[in-house]
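If you want the working numbering, it's the position in the sequence shown, counting the first as 1, plus 100. Notes follow once the structure below has been shown.
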Amino acid sequence: MSHIITVENVSKRFGQVAAVDDVSLAIEEGEFFALLGPSGCGKTTLLRMLAGFETPTEGRITLDGKDMAGVPPNRRPVNMVFQSYAVFPHMTVADNIGYGLKVDGLGRAERDARISEALDLVRLTGLGERKPDQLSGGQRQRVALARALAKRPRVLLLDEPLSALDAKLREQMRFELASLQHQVGITFVMVTHDQDEALAMATRCAVMERGRLVQLATPSDLYEFPNSRFVADFIGSVNMIEGRLTTDKPDEAIITTSELGDVFIDHAVLGHTGGTLWLALRPEKIELRVRDAGSPAPKMEDSPQGYNSIAGTIDHIAYLGSESVFEIVLEHLPDKKLRVIRPNLTRWDQEDFAEGQPVWMSWHACAPAVLAG
Ligand code: ATP
């Protein structure tokens, strides 16, 4: 795989603010790459440096093997789709798509061929003569995409491309955008603060925090193997429990916590061992069972150290249709709660789990990520 973009020790300072702080990364040709992080983390500034709208204070950016220092935006092999998907309201869809091609000096026949190809790509075939106000929000967004794709850039930069759309359309467009990228094979670099969006579409995500790159991984690795409390907390929902490693034998490792008592941990997930540790336990990795008076804690007969169970009582349920989210108060520590997510696999699934129901919460010893303090 060849690298179409490299970012080498790039920093960008605005006065005292280090918007981007010593970031290095490489993007492979044909990737759908996401820059992800909370507001103000520097992701837009990094994207704007790739586009050429900002100049790095330090470091080097290469596109397609060439150093971009001093190369203006219109001479770079990139095109940008903006958040507001600004299309010209007085021009037809076809003229909007063809505008940039005309500016570049392409002849009529070539322009028409590229306009028609771009319309087909974004599934707006036959709508070229419409004006933007005769289109839905999702269709207008596709015009902006078609306009950028018609120029056949090597890299398409997308700044929060779906943020102006309503929730249902956003979800639909995620699939469309991902399959469009697959079809055209152009490298996409997208900025988003929406972790669901990044996980759903990107082949790899770079998570940024206060200007720095904190983790670069595939969506599933980010979620299942976060490298810090920040990433575990930013990507999805998580129960974060503080503790210390108190038993460290090959067949038995225990992290002692004040909230959950002694927790069995699989040696394979024990990356860090010293000092304060954090267990990052995802809500869907906790199993729920009804707890009757006197019923023993569930355990695995063949491997008691492979499984944990703790008693609690359901305090609150958010029923979300496909799944339910439970807040469960710990039996021995009534001011502490764990969050549990359970899919509603049958239409009667919720019946056993009402508010006030005593339950057992159980999880495998390999379920939590163990993170350094
Ligand atoms: P958002 O999701 O809110 O757009 P972001 O992660 O994209 O945030 P940036 O827009 O890259 O963040 O901004 C990073 C930091 O740099 C912020 O503290 C911001 O205030 C600052 N910043 C960005 N552009 C400028 C500028 N032109 N002048 C001064 N400070 C700036």
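Using N, Cα and C, we set each Cβ at its ideal position, and we do this for glycine too. Being a predicted model, the structure only gives us computed values, none of them experimental.
According to DSSP, is A119 helix, strand or coil?
In the structure shown, A119 adopts extended strand secondary structure according to DSSP, grouped into three states.
Looking at the secondary structure, which residues open and close the alpha helix (DSSP H) in which A151 lies?
The continuous alpha helix (DSSP H) containing A151 extends over residues K143 to A151.
Straight-line gap, Y419 to I428 (C-alpha atoms, nearest Å)
Rounded to the nearest whole angstrom, the CA to CA distance from Y419 to I428 is 14 Å.
Taking only the alpha-carbon atoms, compute the straight-line gap between A194 and L221 and give it to the nearest angstrom.
Straight-line spacing of the CA atoms in A194 and L221 works out to 13 Å.
Contact shell at 6 Å, judged by CB to any heavy atom of ligand 1, ordered along the chain:
Here the list is F114, V117, A119, G137, S139, G140, C141, G142, K143, T144, T145 and H293.
Across which residues does DSSP place G361 in a beta bridge pair?
DSSP output for G361 lists T357 as bridge partner(s).
At 3 residues or longer, and completely inside the stretch 265 to 344: list those beta strand (DSSP E) runs for me, N to C.
Correct list: 287 to 292, 304 to 309 and 312 to 317.
Could you tell me which residues DSSP pairs with M180 in its beta bridges?
L257, per the DSSP bridge assignment.
Using alpha carbons as the reference points, say which of P261, E309 and A397 lies closest to E297.
Nearest of P261, E309 and A397 to E297, Cα basis: P261.
In whole angstroms, what separates the C-alpha of F330 from that of A246?
If you take the alpha carbons of F330 and A246, they lie about 37 Å apart.
Spatially closest choice to R113 from F132, M149, S102 and E129, by CA coordinates
It is M149 whose Cα lies nearest to the Cα of R113.
Per DSSP, cross-strand counterpart(s) of S424:
Answer by DSSP bridge pairing, in chain order: Y419 and R442.
Report yes or no: do the stretch 423 to 442 and the stretch 364 to 373 share at least 3 C-beta pairs separated by less than 8 Å?
In short, these stretches do not touch, since the Cβ pair count stays below three.
Identify every run of the beta strand (DSSP E) within the stretch 174 to 232, keeping only runs that are complete inside it and at least 3 residues long; order them along the chain.
Under the rule that a run must span 3 or more residues, the beta strand (DSSP E) segments found entirely inside the stretch 174 to 232 read 178 to 181.
Within its chain, find whatever has a CB closer than 7 Å to the CB of G130; leave out the 5 residues flanking it on each side and keep chain order.
Answer for G130: G285 and T287, listed in chain order.
Note the first and the last residue of the continuous alpha helix (DSSP H) segment covering A465.
If you look at A465, you'll find it isn't in any alpha helix (DSSP H); DSSP assigns it neither H nor E.
Kindly confirm or deny that the stretch 354 to 367 and the stretch 456 to 469 touch, where touching means at least three C-beta pairs closer than 8 Å.
Because the criterion of three Cβ pairs below 8 Å is met, the stretch 354 to 367 and the stretch 456 to 469 touch.
Whole angstroms is fine: what's the gap from T476's alpha carbon to T155's?
Coverage of the chain is limited to positions 101 through 473, which leaves residue 476 absent and any answer about it impossible.
Helix, strand or coil at D351 [DSSP, three-state]
Reduced to three states, the DSSP call for D351 is coil.
Does the separation of the CB atoms of A134 and M301 fall below 8 Å?
Contact flag set, yes.
Measuring straight from C-alpha to C-alpha, what distance separates E243 and A126?
Just to set this straight, residue 243 is Val in the shown sequence, not Glu. Rounded to whole angstroms, V243 to A126 spans 30 Å at the Cα level.
For L269, collect the residues of the same chain with a Cβ closer than 6 Å to its Cβ; drop the 5 residues on either side in sequence, then sort them by chain order.
Cβ within range, chain order: G238.
At which residues does the alpha helix (DSSP H) containing G237 begin and terminate?
Here the alpha helix (DSSP H) through G237 covers G237 to A250.
Whole angstroms are fine: how far does the CA of G311 sit from the CA of E210?
If I take the Cα positions, the gap works out to 43 Å.
Bridge partners of D167, per DSSP?
In the DSSP assignment, D167 is bridged to T162.
Residue range of the beta strand (DSSP E) that includes T106:
It spans H103 to F114 - the beta strand (DSSP E) in which T106 sits, taken as one unbroken run.
Contact check, R240 vs V187, beta carbons under 8 Å:
The answer is yes: Cβ separation under 8 Å.
Can you check which of these residues, H416, Q405 and V338, is closest to A380 by C-alpha distance?
Measuring from the Cα of A380, the nearest candidate turns out to be V338.
Any chance the stretch 212 to 220 sits against the stretch 159 to 166, with 3 or more Cβ pairs inside 8 Å?
As far as the Cβ criterion goes, the stretch 212 to 220 does not touch the stretch 159 to 166, which means the pair count is below three.
Please report the straight-line C-alpha distance between L433 and I410, rounded to a whole angstrom.
Cα to Cα, the separation comes out at about 11 Å.
Leaving aside the five residues before and after A332 along the sequence, list all residues of the same chain whose C-beta is less than 6 Å from its C-beta, in chain order.
Cβ neighbours of A332 beyond the five flanking positions: P326, V338 and A380.
Would you list the residues sitting across from L433 in a DSSP beta bridge?
None; L433 has no bridge partner.
So, using beta-carbon positions, are Q281 and F334 closer together than 8 Å?
No, Cβ-Cβ distance for Q281 and F334 is not below 8 Å.
Just verifying my parser: in three-state terms, what is the DSSP assignment at P156?
Look at P156 here: in three-state DSSP terms it is coil, with no helix or strand label.
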